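Peer 1: Sending over a structure as structure tokens; questions will come in a sec.
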Amino acid sequence: MEKEIVIKTDKLTKRFGDFIATNEITFEVYAGEIFGFLGANGAGKTTAMKMLCGLSKPSSGSATIAGFDVYKQTESIKKNIGYMSQKFSLYEDLTVLENIRFFGGIYGLSDKQLKKKSEELIEVLGMEAEVKKLVGSLPLGWKQKLAFSVAILHDPKIVFLDEPTGGVDPVIRRQFWDLIYSASGKGITIFVTTHYMDEAEYCNRISMMVDGVMKALDSPANLKQQHLASTMNEVFFELARGAKRKGD
Amino acid sequence: MKQFLSFVRKEFYHVFRDRKTLLMLFGLPIVQILLFGFALTNEVKNAKIVVCDYAKDQASQQIINSLEAGGQFEVQENLLSHREIEKAFRKENVKLAIVFPANFNRDLLHLNEAQIQIIADASDPNSANALTNYATAIIMDYQQELMHSRKIPYTIVTETRMLYNPELKGATNFVPGVMALVLMLICVMMTAVSIVREKETGTMEILLVSPFNPLLVILSKAVPYLFLSLINLTVILLLSVTLLELPINGSLFLLFAESTLLIITALSLGLLISNVAKSQQTAMLISLMGLMLPTMLFTGFMFPIENMPYPLQLLSNIVPSKWYYIIVKSIMIKGLGFSAIWKETLILAGMTCFFLIVSIQKFKIRLI
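As given, the protein sequences belong to chains A and B, one line each in that order.
Residues 0 to 247 in numbering that gives the first Met the number 0 are what the first sequence spells out, letter by letter.
Residues 0 to 367 in numbering that gives the first Met the number 0 are what the second sequence spells out, letter by letter.
See the structure below:
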């Protein structure tokens, strides 16, 4: 069976002057897949992700997201993707419900859809008691789960997560990944960057960026086999050993 | 449109949740107007004056008596010569000096015309103005009385000199000045800070990834502040009309229209600052430092621009509030129409376009 391709890049490159942040990366991501995008600090992950989201224009190469061209069809891309940045990114001075309504609103959801969606979301997260509380008063783990749920509120084809679980404990991280699995189960493609190697194991396939170049791309099991490693940590060290760039 | 409304509603939440800022927004203009209102009280009681009476005749004595009788003036001393006046102003708390020339009564009776000189300490322009008005009125009363009893048209010509501040800038100047200051500060600072906050917290990225048009982000941020500023303006005007008894001689509609123009100028300037500033603190600092002082100095309501060195006079032209100040004074005080202020309006509009074009260009660059 032919797998549907939702992200396709060909020699995608971003230069800042002489510095090549992302150097000719070529890969494909399939629909419904959880795609891990790994690399040390400064390896070019965030730059690559920004190009895919339409936040940053590529210097050369090509890419299509959900079938739309990153150069010409950024508006269509924006309607089909969700995004959660490494900074926690809801409005702290708005309540849970107001945040949901706002983000639903700017994606153009109708009142009826919004009502249904927000009820669903709150039930899944078990946040009935917190609906009218300001987001700023919630614990970080809850905020992140909420931020993820808000990012997929408009049923995007792909959701980009930029180090979504930074700074939370393993239990919350596990719960967060449950949400990711359930979204993936609904057919949403997950594109996630992370530092945590245990999280890398949760992905269907992972890619490894070193110094702006994509050094590896396969399933975690295959990668471990290829590098004769028992954990993803070892794979990471093996691949990142030759890195010249210092973390930023 | 619905997206836009969601955004505007969110901005209102931000404003109303932030109690401290809200308090500042509405407290600042009220406090300023009240302060200026009380500082500029026009009531005159027991003002100390000196008299320099070269005439020492019946008429001059009668006038001095009626000056004292009213309770507004308290004659401190009778000076012997003109030269002591300046000294009296400097040393004592003397507000006014009245000089009767020699032969005052004789001139009045034989030439039917006599002169009195009133010299005021105009470093406090308002009280100087009020005091000379009182003094002139009392002298005119005396003149009327005289005419009545003798049926001859006597005229006493009062010659008024305002020391230190010949232009007599003051009372009516403060309200337009405060309006300019408040609108500038609030709009510039609020827009700058609220845009930079989105950048700082990372929500700006989310907004840029969403299909929401970045230009609409700016527009929806402008709406609440425009709205609040217009309320603020109304409060200032109400206070100044009721409390300071300042007239609004011209068209109220024109006044609001011109104010809206200044608010838009300020909003676009705020947008420009938000492009440069990396943090909320920086944005606030740039807005305060970069605007408070120039606005205070160069608007013309505190320090007359005509008295400044020429280079500073030139510099004052780039301060938007200066033009707004001229516009407001023309409408409120002089009661003039649009034909009198179209030039100033054009200048303000030009500045707004400039700020908008530059900042939107920069804003776009940031997206790539």
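C-beta: ideal position from N, C-alpha, C; glycine also.
All values reported here derive from a predicted model rather than from experimental measurement.
Any idea which residues DSSP pairs L160 of chain A with across the strands?
Peer 2: A:M83 and A:V191
Peer 1: Would you call K277 of chain B buried or exposed, if buried means 16 or more other Cβ atoms sit within 10 Å of its Cβ?
Peer 2: exposed
Peer 1: To the nearest whole angstrom, what separates the beta carbons of E200 of chain A and P169 of chain A, a pair I think is in contact under 8 Å?
Peer 2: About 13 Å separates the two Cβ atoms, so there is no contact after all.
Peer 1: Under the three-state reduction of DSSP, which class applies to C202 of chain A: helix, strand or coil?
Peer 2: Reduced to three states, the DSSP call for C202 of chain A is coil.
Peer 1: Can you round the beta-carbon distance between M207 of chain A and G43 of chain A to whole angstroms, since I take them to be within the 8 Å contact cut?
Peer 2: The C-beta separation of M207 of chain A from G43 of chain A comes to about 11 Å, leaving the pair out of contact by the 8 Å criterion.
Peer 1: Is S59 of chain B buried or exposed, if buried means 16 or more other CB atoms sit within 10 Å of its CB?
Peer 2: buried
Peer 1: Within a Cβ cutoff of 8 Å, which residues of the same chain sit near L33 of chain B, ignoring the five residues on either side of it in sequence?
Peer 2: Answer for L33 of chain B: L238 and L242, listed in chain order.
Peer 1: Going by C-alpha distance, which of B:E305, B:G336, B:V14 and B:M178 is nearest L27 of chain B?
Peer 2: B:M178
Peer 1: So what does DSSP say about P165 of chain B, is it helix, strand or coil?
Peer 2: With a pLDDT of only 46 at P165 of chain B, under 50, the local geometry of the prediction cannot be trusted, and the value read off the model is given with reservation. Coil, per DSSP.
Peer 1: Could you compute how far the alpha carbon of K1 of chain B sits from the alpha carbon of L206 of chain B?
Peer 2: Using only the alpha carbons, I get a separation of about 16 Å.
Peer 1: Listed in chain order, which residues of the region 2–18 of chain B have Cβ atoms closer than 8 Å to some Cβ of chain A?
Peer 2: Cβ contacts with chain A: Q2, L4, S5, F6, R8, K9, Y12, H13, R16 and D17.
Peer 1: Straight-line CA distance for F87 of chain A to D161 of chain A?
Peer 2: 10 Å
Peer 1: Please give the ranges of any beta strand (DSSP E) in the region 24–98 of chain B, keeping only runs that are unbroken, at least 3 residues long and fully inside the region.
Peer 2: Here the runs fully enclosed are 46–52 and 72–78.
Peer 1: Closer than 7 Å by beta-carbon distance: list the chain A residues that pair up with F211 of chain B, in chain order.
Peer 2: I105
Peer 1: Work out the CA separation of S286 of chain B and T344 of chain B for me, nearest whole Å.
Peer 2: Inter-residue distance for T344 of chain B and S286 of chain B is about 23 Å (C-alpha atoms, whole angstroms).
Peer 1: How many angstroms separate the CA atom of T135 of chain B from the CA atom of I118 of chain B?
Peer 2: 11 Å
Peer 1: Have a look at T20 of chain B and M183 of chain B and give me their C-alpha separation to the nearest angstrom.
Peer 2: Taking the straight line joining both Cα atoms gives about 15 Å.
Peer 1: Determine the closest residue to T12 of chain A out of A:T25, A:I6 and A:I4, with distance taken between C-alpha atoms.
Peer 2: A:T25
Peer 1: Could you check if N40 of chain A is buried or exposed, using at least 16 other CB atoms within 10 Å of its CB as the buried criterion?
Peer 2: exposed
Peer 1: Can you tell which of B:E10, B:E67, B:F3 and B:L4 has its C-alpha closest to the C-alpha of P223 of chain B?
Peer 2: B:E10
Peer 1: Along the beta strand (DSSP E) that carries E27 of chain A, what are the first and last residues, could you check?
Peer 2: F18 to Y29
Peer 1: Can you grab the Cα-Cα spacing for the pair L218 of chain B / Q360 of chain B, in whole Å?
Peer 2: 15 Å
Peer 1: Give the interface partners of D92 of chain A over in chain B, defined as CB-CB distance under 9 Å, in chain order.
Peer 2: Y12, H13, R16 and D17
Peer 1: What is the DSSP secondary structure of G135 of chain A, counted as helix, strand or coil?
Peer 2: If DSSP states are grouped into helix, strand and coil, G135 of chain A belongs with the helices.
Peer 1: Buried or exposed for M288 of chain B, going by 16 or more other Cβ atoms inside 10 Å?
Peer 2: exposed
Peer 1: Using DSSP bridges, identify the partner residues of R14 of chain A.
Peer 2: A:I19
Peer 1: Identify the contact partners of F101 of chain A in chain B, using a Cβ-Cβ distance below 9 Å as the criterion.
Peer 2: S5, F6, R8, K9 and Y12
Peer 1: Is K214 of chain A helix, strand or coil by DSSP?
Peer 2: strand
Peer 1: Taking the C-alpha atoms as reference points, what is the distance between I356 of chain B and V275 of chain B?
Peer 2: 15 Å
Peer 1: Whole-angstrom Cβ separation of K116 of chain A and S59 of chain A, contact assumed at under 8 Å?
Peer 2: Going by Cβ atoms, the distance from K116 of chain A to S59 of chain A rounds to 39 Å, so no, they are not a contact pair.
Peer 1: Unbroken alpha helix (DSSP H) runs of length 4 or more, entirely within the region 241–285 of chain B: which are they?
Peer 2: 251–275
Peer 1: With a 10 Å radius around its C-beta and 16 neighbouring C-beta atoms as the bar for buried, classify K2 of chain A as buried or exposed.
Peer 2: That one is exposed.
Peer 1: Along the chain, which unbroken stretches of the beta strand (DSSP E) at least 3 residues long are found entirely within the region 164–240 of chain B?
Peer 2: Runs of the beta strand (DSSP E) inside the region 164–240 of chain B: none found.
Peer 1: For S58 of chain A, which residues in chain B fall below 7 Å Cβ to Cβ?
Peer 2: Residues of chain B passing the Cβ test: none, with the nearest at roughly 11 Å.
Peer 1: Could you pull the start and end residues of the beta strand (DSSP E) that F34 of chain A belongs to?
Peer 2: I33 to G38
Peer 1: Looking only at its chain, what residues have a beta carbon closer than 6 Å to the beta carbon of A191 of chain B, apart from the 5 residues adjacent to it on each side?
Peer 2: G269, I272, S273, A282 and S286
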